[in-house]
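For the sequence shown, the positions run 60 to 195 when our numbering is used. Note that beta-carbon positions come from the ideal geometry of N, C-alpha and C, so glycine has one too. Quick caveat: nothing in here was measured; it's all calculated off a predicted structure. Structure, as structure tokens:
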Amino acid sequence: MLTIERREQVAHELHTALDQFSGTEGYHRLSPLHGRLVATDGVKYLCEQAECYWLLDAIASWQHKALRDPKLREMQFWTLQVNDDRTAILTVARDAGDIAFHQDIEFTDFPLPEVKIWVGPGGPSDTFVAMLPSEY
């Protein structure tokens, strides 16, 4: 768990660094929960710096349901919103305003108030790629 000081430091660094990612040089398997889900360099950086591999595990755990929806097989728009009381909600949308489902998170020390991760088909060997919006 991140201390308050470390969370603030990480938040500042992340805010600056995440916008710098565009495209990716590699794909990384970060979650054992879904063998076809890989992450870009930006998502890998996010998971390492914010110590939030759990976020990719949460996204991976929903893939069995998401991939039954034809629109979510094309593209998934995930958003983690952190509240002031350190609870959070993880949502996936088919498109702007079209929420497919959500997960309430009772506690998180995630340092940013919000992060978006997009998941779509691509990458090596028929995988789904978790990417930052700037990497699309």
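Look at the Cβ atom of Asp168, then the Cβ atom of Arg132, and state whether they are nearer than 8 Å. No; because the gap between Cβ atoms is not below 8 Å, this pair is not in contact.
Restricting to Cα atoms, I'd like to know which of Cys111, Gln122, Glu107 is closest to Gly179. Gln122
8 Å is my cut-off, CB to CB: does Val174 come that close to chain B? Chain labels in this structure do not include chain B; a single protein chain is all it has.
Over the uninterrupted beta strand (DSSP E) stretch that includes Leu126, give me the two end residues. Looking at the DSSP string, Leu126 is not in any beta strand (DSSP E), and its letter there is neither H nor E.
With H, G and I counted as helix, E and B as strand and the rest as coil, what does DSSP make of Glu64? helix
On a Cα-Cα basis, can you pick out the residue from His74, Glu72, Gly94, Arg66 that is closest to Thr186? Gly94
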